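Asker: The UniProt record's numbering applies: residue 1 is where the sequence shown begins, and numbers increase by one.
Beta carbons are placed, not taken as given, at the ideal position from N, Cα and C, and that holds for glycine.
For clarity, every value in this text was computed on a predicted model and none was experimentally measured.
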Amino acid sequence: MKNWSLLIGSSIFFIIFLTGFLAPHLPFVDNQLTENVLMRDEQGKPLVPAYAPSKDYPWGSDYKGVDVLSILLLGTKETLTIIFSIAILRYIMAIPLAIGAFYIQIIRSILKGWNQLFSYFPPILFVVMIVGIPFIFYSNVHAVWMVLILATIEVGRVADIFLSKMENTSQKPFLESGIVGGCSRFTLFKNYFWPDLQPHILTNFFNDLARVLFLIAQLGVIGVFLSHDFFSQRGGTFEAINSSNSWPALLVDIHQDMWGHEWIPVSSIMMITITLFSIHLISDGLEKYFQRKYNKSQGVGI
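#1: Taking its Cβ as the centre, do 16 or more other Cβ atoms sit within 10 Å of Gly-182, making it buried, or is it exposed?
#2: To the nearest angstrom, report how far apart Leu-281 and Ala-210 are at their CA atoms.
#3: Do Ala-143 and Leu-73 have their C-beta atoms closer together than 8 Å?
#4: Quick check on Met-146: buried or exposed, where buried means 16 or more other Cβ atoms within 10 Å of its Cβ?
#5: When DSSP labels each residue in this structure, what does Met-146 get in the three-state scheme?
#6: Can Ala-52 and Tyr-63 be called in contact, C-beta distance under 8 Å?
#7: Would a C-beta distance cut-off of 8 Å place Ser-67 and Asp-30 closer than the cut-off?
#8: Let me confirm a value: Glu-154 is counted as buried when at least 16 other C-beta atoms fall within 10 Å, else exposed. Which label applies?
#9: Hey, would you say Ala-151 sits closer than 8 Å to Leu-97, going by beta carbons?
#10: Do Leu-251 and Val-221 have their beta-carbon atoms positioned less than 8 Å apart in this structure?
#11: Who does Ile-83 pair with in a DSSP beta bridge?
#12: Please report the distance separating the alpha-carbon of Glu-35 from that of Ile-106.
#13: With distance defined between alpha-carbon atoms, name the residue in Ile-110, Asn-242 and Pro-248 nearest to Leu-215.
#14: Find the nearest neighbour of Pro-173 within the set Leu-111, Ser-246 and Tyr-192, judged by alpha-carbon distance.
#15: Tell me whether Asn-140 sits in a helix, a strand or coil according to DSSP, three-state version.
#16: Could you check how far apart the C-beta atoms of Ala-94 and Val-212 are, in whole angstroms? I think they sit under 8 Å.
#17: Determine the extent of the alpha helix (DSSP H) in which Pro-199 is found, giving its start and end residues.
#18: Based on the DSSP secondary-structure assignment, which residues constitute the bridge partners of Asp-229?
#19: Nearest-angstrom Cα distance between Gly-285 and Arg-157?
#20: Mind checking which residues open and close the alpha helix (DSSP H) that includes Pro-27?
#21: I need the straight-line Cα distance from Met-129 to Ile-274, nearest angstrom please.
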């Protein structure tokens, strides 16, 4: 029986992934993201951006006259890089934390406190509060800080999932053979816990990719930029201006755009939705694959 969820999801995600790398070489993509602040219609009347979808701008333009389709395609690589960086860093921290919590009581207590701390409010509120700290907000490596914060904020949740899985594995009968055989903790983990944990890690990793993408989309809506530059204003003040081409950057003015320039946020939402859908299919497909593999090893359904 074909695993259609995994097949369709992987195909869609591969196309998105491939688009991110091929976009600069596509003939209809404006690599320079040229700003066109003035156009004229067929009657010669001047038009100002944002331009509605047309032959020159298939998906319309933003307020600077930059082609939205080019922004989205060129921003695909950046968006995927961001969500993978956050998810990978999160798992690099969460897996050792879960393993340590399983064997060492003090680490378990730290994990419990971590979860309690970040369970009071939605992650987005903690992100907003933390990135508002001056030395982070004005940092030259603000994008690095954003990745680190977004990865760390849910490390406890991910670690707790893996800890629960290890505790569940420890109750299974097959572990007794290793204990009776006098295996060390390391050998028990390598031969019994880790093989049982791997499918869980891979499946949950794709779930977390979707969570990260949805979270940065929320940040885009409330105007929290993944990377920004500062420009001086009259009166000696400075304003933070988005410098990212990631998809959520087009959601910054969604409340205003939906009433006149709806193609800007809708195009971004469409790309995000398709990606979330493909990731969900992959996660569901992986879960089915590993479940069938487990059933086969147990002689179930054969």
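Answerer: If we stick to the structure as given:
#1: Translated into the one-based positions of the sequence shown, residue 182 becomes position 182. It is exposed - the Cβ of Gly-182 has fewer than 16 other Cβ atoms within 10 Å.
#2: Residue numbering aside, residue 281 sits at position 281 when the sequence shown is read from its first letter. Residue numbering aside, residue 210 sits at position 210 when the sequence shown is read from its first letter. Roughly 11 Å separates the two Cα atoms.
#3: Here the question's residue 143 lines up with position 143 in the sequence shown. Here the question's residue 73 lines up with position 73 in the sequence shown. Cβ atoms of Ala-143 and Leu-73: not closer than 8 Å.
#4: To locate residue 146, count along the sequence shown from 1; it is residue 146. Label assigned to Met-146: buried.
#5: Taking the first residue of the sequence shown as 1, we reach residue 146 at position 146. Reduced to three states, the DSSP call for Met-146 is helix.
#6: Taking the sequence shown and counting its residues from 1, the one referred to as residue 52 is at position 52. Taking the sequence shown and counting its residues from 1, the one referred to as residue 63 is at position 63. No, Cβ-Cβ distance for Ala-52 and Tyr-63 is not below 8 Å.
#7: Here residue 67 is taken as the residue at index 67 of the sequence shown, counted from 1. Here residue 30 is taken as the residue at index 30 of the sequence shown, counted from 1. The residue you asked about is not Ser; residue 67 is Asp in the sequence shown. Contact: yes.
#8: As a working note, residue 154 is residue 154 in the sequence shown. Around the CB of Glu-154, 16 or more other CB atoms lie within 10 Å, so the residue is classed as buried.
#9: As a working note, residue 151 is residue 151 in the sequence shown. As a working note, residue 97 is residue 97 in the sequence shown. No, Cβ-Cβ distance for Ala-151 and Leu-97 is not below 8 Å.
#10: Translated into the one-based positions of the sequence shown, residue 221 becomes position 221. Translated into the one-based positions of the sequence shown, residue 251 becomes position 251. Val-221 is a Cβ neighbour of Leu-251, given a cutoff of 8 Å.
#11: Mapped onto the sequence shown, residue 83 falls at position 83. None; Ile-83 has no bridge partner.
#12: As a position in the sequence shown, residue 35 is number 35, starting the count at 1. As a position in the sequence shown, residue 106 is number 106, starting the count at 1. Glu-35 and Ile-106: Cα-Cα distance of roughly 56 Å.
#13: Start at 1 with the first residue of the sequence shown, and residue 215 comes out as number 215. Cα-wise, what sits closest to Leu-215 is Pro-248.
#14: The residue given as residue 173 occupies position 173 in the sequence shown. Checked all of Leu-111, Ser-246 and Tyr-192; the closest Cα to Pro-173 is Tyr-192.
#15: For the purposes of this step, residue 140 is identified with residue 140 of the sequence shown, where counting begins at 1. Reduced to three states, the DSSP call for Asn-140 is coil.
#16: Taking the sequence shown and counting its residues from 1, the one referred to as residue 94 is at position 94. Taking the sequence shown and counting its residues from 1, the one referred to as residue 212 is at position 212. The Cβ separation is near 13 Å, so there is no contact.
#17: Taking the sequence shown and counting its residues from 1, the one referred to as residue 199 is at position 199. Unbroken alpha helix (DSSP H) run through Pro-199: 194 to 221.
#18: For the purposes of this step, residue 229 is identified with residue 229 of the sequence shown, where counting begins at 1. Under the DSSP definition of a beta bridge, Asp-229 partners with Ile-241.
#19: Residue mapping note: residue 285 aligns to position 285 of the sequence shown, counting from 1. Residue mapping note: residue 157 aligns to position 157 of the sequence shown, counting from 1. Their backbone Cα atoms lie some 23 Å apart in a straight line.
#20: Here residue 27 refers to the residue found at position 27 of the sequence shown. Where Pro-27 is concerned, there is no enclosing alpha helix (DSSP H), given that its DSSP letter is neither H nor E.
#21: The count along the sequence shown starts at 1 and reaches residue 129 at position 129. The count along the sequence shown starts at 1 and reaches residue 274 at position 274. Roughly 30 Å between the two C-alpha positions.
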